[in-house]
Structure formats: C-alpha cells, structure tokens
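**Student:** If you scroll down you'll find the structure; I have some questions about it.
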Amino acid sequence: MKKKPLSFQVPIMNDHQLLRKVASDVTSEISKLSKYLEAIVELDETILQAECDCCGLKEECTKEYISRIRNSYSGRWVCGLCSEAVKERLNHDPVAIEEAMITHRKFLRDFNTNIRVNPKLSLTLAMKNLAKRSGEKRRN
1 MKKKPLSFQV
11 PIMNDHQLLR
21 KVASDVTSEI
31 SKLSKYLEAI
41 VELDETILQA
51 ECDCCGLKEE
61 CTKEYISRIR
71 NSYSGRWVCG
81 LCSEAVKERL
91 NHDPVAIEEA
101 MITHRKFLRD
111 FNTNIRVNPK
121 LSLTLAMKNL
131 AKRSGEKRRN
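According to this note's numbering, the stretch in the sequence shown is residues 1 to 140, in order.
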C-alpha cells in the first residue's frame, strides 16, 4: 500500500494582495527598526567627551558621571589618574582640593616641560638634588 504524498496548496494571491502583504511586512519592520534607532540616538546624546583640567586627557563619559566628578573636584573635571594623584596629595597633607589640584597641575607642567623633553638631563638634576640633600643631612 503506497501512501500518497501530502500536498499543500498555497493560496494564490493576485498581485494586489501580494503587494499589500509585502507593504505591511515592510511597515512593521520599519517601525521595529525606528524604535531601535531612537534608543541609539538617546544613548549617543548622553555620552559626551570630557577633557581633564589637569593633564588634558579626553574621555567619553556619561553626563551623570561628568557631573558627579565635577561636584567632587570643585567644578572641574578630572580624569581617573589625576583624581588618584589628587587624593594621594590630600592623604599626605590635609589641604583643600583646589590646592591639591594646583600642586598636581604644577607637577604635570614640570614633567611635560623637563622630563619628557630631556630625560637624561632630568636624571642628572635628580641625582644632583639627591646629593645636595644628602650633604645637607650630614652637616646637621
């Protein structure tokens, strides 16, 4: 006994019906994609580029993070590395945040103008200062 293969009949649509179905499917896909696009646009608007007031490093951060850091550092935006240096300064000497930031900026300026330009000269000056301090300690 042979089994007859099952046959499926696809309803025949005329061109007009087929065009309506395709247009409906396309419209539904476009509305889905537009929702995703709106979410992406909202996300892009909340990410800003912030520049460190100490070293000039630029980072992409959210508005919330930028405002939180600015509130912590007297209205200035400070990158992670500089904020750790400022915290370290505050731990050693209890001074105002603004003074700690000024000290750190001065250190960065000196580093960028002396050490980066001529590292051998910088090492020589450091050794000279070390010998000078050592000699002063022996005299006392």
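A virtual CB, placed ideally from N, CA and C, is assigned to each residue, including glycine.
#1: Buried or exposed for Val22, going by 16 or more other Cβ atoms inside 10 Å?
#2: Check whether the stretch 51–67 and the stretch 80–93 are in contact - that is, three or more C-beta pairs closer than 8 Å.
#3: Relative to the alpha-carbon of Ala50, which residue among Ser67, Lys35, Ser34 has its alpha-carbon at the smallest distance?
#4: Spell out the partners DSSP gives Leu48 in its beta bridges.
#5: Which same chain residues, not among the five before or five after Met101, have their C-beta less than 6 Å away from its C-beta?
#6: Would DSSP call Val22 helix, strand or coil?
**Tutor:** In this structure, then:
#1: exposed
#2: yes
#3: Ser67
#4: Cys61
#5: Val86
#6: helix
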